[in-house]
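For reference, the structure is listed below as C-alpha cells.
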Amino acid sequence: MFQFAIHSVGLFKPVLFQLRLIGACSVLGLCGWSLAACIMDVARQAKKMHSIPCTKCRFFTGDYRLKCTANPSIANTEQAIHCGDYQETSNS
Ligand code: SF4
Numbered sequence: 004m005f006q007f008a009i010h011s012v013g014l015f016k017p018v019l020f021q022l023r024l025i026g027a028c029s030v031l032g033l034c035g036w037s038l039a040a041c042i043m044d045v046a047r048q049a050k051k052m053h054s055i056p057c058t059k060c061r062f063f064t065g066d067y068r069l070k071c072t073a074n075p076s077i078a079n080t081e082q083a084i085h086c087g088d089y090q091e092t093s094n095s
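Here you go:
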C-alpha cells in the first residue's frame, strides 16, 4: 500500500511540473503585460503633457509666482491644451 502511494506520486511528477511551468509562465506573462501597459500609459501621459502650449505662448512669464498673465489658474496644466487665449511668441 505504501509503495503504491509512492509510485502514484511518481506518476504525477510530470503533471505537477507542467502545472508549475504553466503557473510560472502565467505570472511572467502577467508581469510583462503589466509592464507594457505601464510603459504605454507613461508614453500617453508624456505625449499629452508635451501638447500643453504655454511655454510657446506670449502670455507665459516663466515665473512660478505668475505663470501666465491671461489665465494664471490653468497655465501649464492640461486645461491649457485648448486655451483660447493662446498666442504664439513672435521671437521663436
Ligand atoms: S494664455 Fe493660455 S496658452 Fe497662453 S500661457 Fe496662459 S494658459 Fe497658457
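Here the working numbering is used: the first residue of the sequence shown is 4, the next is one more, and so on.
From the three backbone atoms N, C-alpha and C, an ideal C-beta is built for every residue, glycine too.
These numbers come from a predicted model, not from an experiment.
Around the beta carbon of F63, a 10 Å sphere encloses 16 or more other beta carbons of the protein chains shown; the residue is thus reported as buried. Listed as beta-bridge partners of E91 by DSSP are C60. Counting of Cβ neighbours within 10 angstroms places K50 among the exposed residues, the total staying below 16. With 16 or more other Cβ atoms from the protein chains shown falling within 10 Å of its own Cβ, K70 counts as buried.
The Cβ-Cβ distance between C57 and E91 does not fall below 8 Å.
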